[in-house]
Amino acid sequence: MALVLLSATSAMLTYPQGGVPPLTAPRLPAAAPLRAAPTLTASPLHDKAQKLEKAVGSLAAHHNSLRRAAPAEAVGTSKTLLAASAALTGWALATSAPPRALAVGFCTASLSAASLGFLSLHAAVTYGYGLALVGHAAAMCRHAAAGRAPTLLLATVLLYGVKVCVLQLARDLRPAYARRVLPSFAGLVPATKCPFTKSVAKLPIILSVAVLLAAYAMPLWVVCHASAGTSGVRAAVSLAGCALALTGLAVQTVADVQKFAAKDRLGADAPILGTGLWAYSRHPNYAADIVFHLGTAATAVACSGNLGAAWISMLGPAGLIAVILVSTKSLERRQLMQYKSNPDFVEYHSRTPRLFPGAPSPSDAAA
Numbered sequence: 032m033a034l035v036l037l038s039a040t041s042a043m044l045t046y047p048q049g050g051v052p053p054l055t056a057p058r059l060p061a062a063a064p065l066r067a068a069p070t071l072t073a074s075p076l077h078d079k080a081q082k083l084e085k086a087v088g089s090l091a092a093h094h095n096s097l098r099r100a101a102p103a104e105a106v107g108t109s110k111t112l113l114a115a116s117a118a119l120t121g122w123a124l125a126t127s128a129p130p131r132a133l134a135v136g137f138c139t140a141s142l143s144a145a146s147l148g149f150l151s152l153h154a155a156v157t158y159g160y161g162l163a164l165v166g167h168a169a170a171m172c173r174h175a176a177a178g179r180a181p182t183l184l185l186a187t188v189l190l191y192g193v194k195v196c197v198l199q200l201a202r203d204l205r206p207a208y209a210r211r212v213l214p215s216f217a218g219l220v221p222a223t224k225c226p227f228t229k230s231v232a233k234l235p236i237i238l239s240v241a242v243l244l245a246a247y248a249m250p251l252w253v254v255c256h257a258s259a260g261t262s263g264v265r266a267a268v269s270l271a272g273c274a275l276a277l278t279g280l281a282v283q284t285v286a287d288v289q290k291f292a293a294k295d296r297l298g299a300d301a302p303i304l305g306t307g308l309w310a311y312s313r314h315p316n317y318a319a320d321i322v323f324h325l326g327t328a329a330t331a332v333a334c335s336g337n338l339g340a341a342w343i344s345m346l347g348p349a350g351l352i353a354v355i356l357v358s359t360k361s362l363e364r365r366q367l368m369q370y371k372s373n374p375d376f377v378e379y380h381s382r383t384p385r386l387f388p389g390a391p392s393p394s395d396a397a398a
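Number 398 marks the last residue of the sequence shown (the numbering used here); no jumps.
(1) Quick check: is the beta carbon of Cys273 nearer than 9 Å to any beta carbon in chain C?
(2) Taking just the CA atoms, how far does Ala201 sit from His93?
(3) Flag this pair as yes or no: are the beta carbons of Ser410 and Ala241 separated by less than 9 Å?
(4) So, at 7 Å on beta carbons, what are the nonlocal neighbours of Gly166 in its own chain, with the 5 sequence-adjacent residues on each side left out?
(5) So the candidates are Ser215, Leu356, Ala180, Asn373; which of them puts its Cα closest to the Cα of Val264?
(6) Does any heavy atom of the ligand NAP sit closer than 8 Å to the C-beta of Pro181?
(7) For Gly400 versus Val193, is the C-beta distance shorter than 9 Å?
(8) For Phe387, which beta-bridge partners are listed by DSSP?
(9) Would you please state the rounded distance, in angstroms, between the beta carbons of Ala310 and Arg205? I believe it to be under 8 Å.
(10) Roughly how many whole angstroms lie between the Cα atoms of Ala246 and Glu363?
(11) If the criterion is Cβ atoms closer than 9 Å, does the pair Ala331 and Ala319 meet it?
(12) Note down the Cα distance separating Thr182 from Cys172, rounded to an integer number of angstroms.
(13) Among the candidates Ile303, Ala267, Phe227, whose CA atom is the shortest distance from the CA of Leu150?
(14) Which residues in the same chain as Val188 place their Cβ atom closer than 6 Å to its Cβ, once the five residues preceding and following it in sequence are excluded?
(15) Between Ala292, Val282, Arg296, which has its C-alpha nearest Tyr317's C-alpha?
(16) In chain order, what are the residue ranges of uninterrupted alpha helix (DSSP H) at least 4 long that sit wholly in the region 238-288?
(17) What number of angstroms, rounded off, separates the C-alpha of Asp287 from the C-alpha of Tyr208?
(18) What three-state label does DSSP hand Ser146 in the structure shown?
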């Protein structure tokens with residue numbers, strides 16, 4: 032048994048990129064006079080060694096699939112797209128930058144919310160997100176153009192920011208959540224007792240969070256600054272986007288409340304199986320969040336006065352939707368590992384779409 036484990040470890044170290052070769056159980060030297068081979072083949076120890084060999088082989092195959100490098104062509108294409116996006120964003124900011132008063136308000140709200148990171152990086156990326164949206168909406172009230180779209184979007188974003196903070200507080204008050212999540216942020220800063228060293232180490236993260244928080248609120252600026260000239264189809268699309276965002280917020284709130292109620296009833300580690308909105312989607316809160324950001328993006332694009340403003344308004348929602356999709360896949364992998372022995376969860380997972388009812392993900396089996 033020890034030899035099997037040793038051979039598996041040696042193979043992984045010898046072939047870190049090229050994959051792990053198939054493992055074979057160690058062969059005993061021939062000992063015909065003693066006729067020991069038949070006895071060993073039928074022994075329980077040999078059966079355990081074979082089972083362990085199969086398990087190591089499965090782990091090695093999974094290890095290889097996770098370590099497959101992307102083709103060089105795909106990496107080059109990604110770099111090209113990233114460079115093009117950065118250039119287009121720079122041009123859009125240069126041609127469609129917000130007025131100075133709005134820019135100051137954006138920077139103030141984003142930096143103030145991100146500064147929570149000096150106390151806790153967890154607070155910066157959770158409460159900071161909600162507080163930044165509330166701050167952006169408050170700063171925008173004095174500069175918003177007249178019209179129903181700015182008013183509706185301001186109210187929706189304000190409610191969304193409040194909901195984010197209230198929901199995060201409810202999570203943090205649960206010991207199981209705090210034990211699982213909070214330690215992951217500790218590794219982002221050096222283990223030192225010097226407050227200055229910790230603050231300096233946190234500064235790049237805080238500034239990055241501030242930039243992201245400002246990007247997330249760009250649709251709000253576009254709508255409030257440019258919607259005065261919208262009419263006809265553009266005005267109708269902007270109002271439809273506001274309604275879509277408000278619907279997403281309402282559905283997400285209901286889904287989160289149902290999730291909290293189910294966890295209180297079944298236990299923090301129990302899976303949610305077909306309760307309320309969760310009977311139609313495995314992640315209705317994430318699906319509704321995507322709807323919210325699609326609504327804000329649609330409203331902003333309809334109110335954009337030029338291509339630069341339209342591009343800026345889509346950056347934040349597109350980034351958040353990408354994060355949601357990646358987080359959903361990661362969560363599903365953990366759930367499948369945790370609940371794979373639960374037949375009720377396996378059946379629920381197989382019959383319920385990942386996000387939107389009627390549109391199961393083609394990669395569900397691989398999640």
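We treat Cβ as the ideally placed atom computed from N, Cα and C, and that holds for glycine.
Considering the structure as presented:
(1) The structure shown contains no chain C; it holds only a single protein chain.
(2) With a pLDDT of 49 at His93, under the threshold of 50, the modelled position of this residue cannot be trusted, and the question is left open.
(3) Residue 410 is absent from the structure shown; the chain starts at 32 and stops at 398.
(4) Ala140, Ser143, Ala144
(5) Ala180
(6) Looking at this structure, you won't find the ligand NAP or any other ligand, since it has none at all.
(7) The structure shown does not extend to residue 400, since the chain is modelled only from 32 to 398, so the question has no answer here.
(8) Ala390
(9) Not quite, the Cβ-Cβ distance comes to about 24 Å (not below 8 Å), so this is no contact.
(10) 28 Å
(11) no
(12) 9 Å
(13) Phe227
(14) Leu164, Ala168, Leu251
(15) Val282
(16) 249-257
(17) 15 Å
(18) helix
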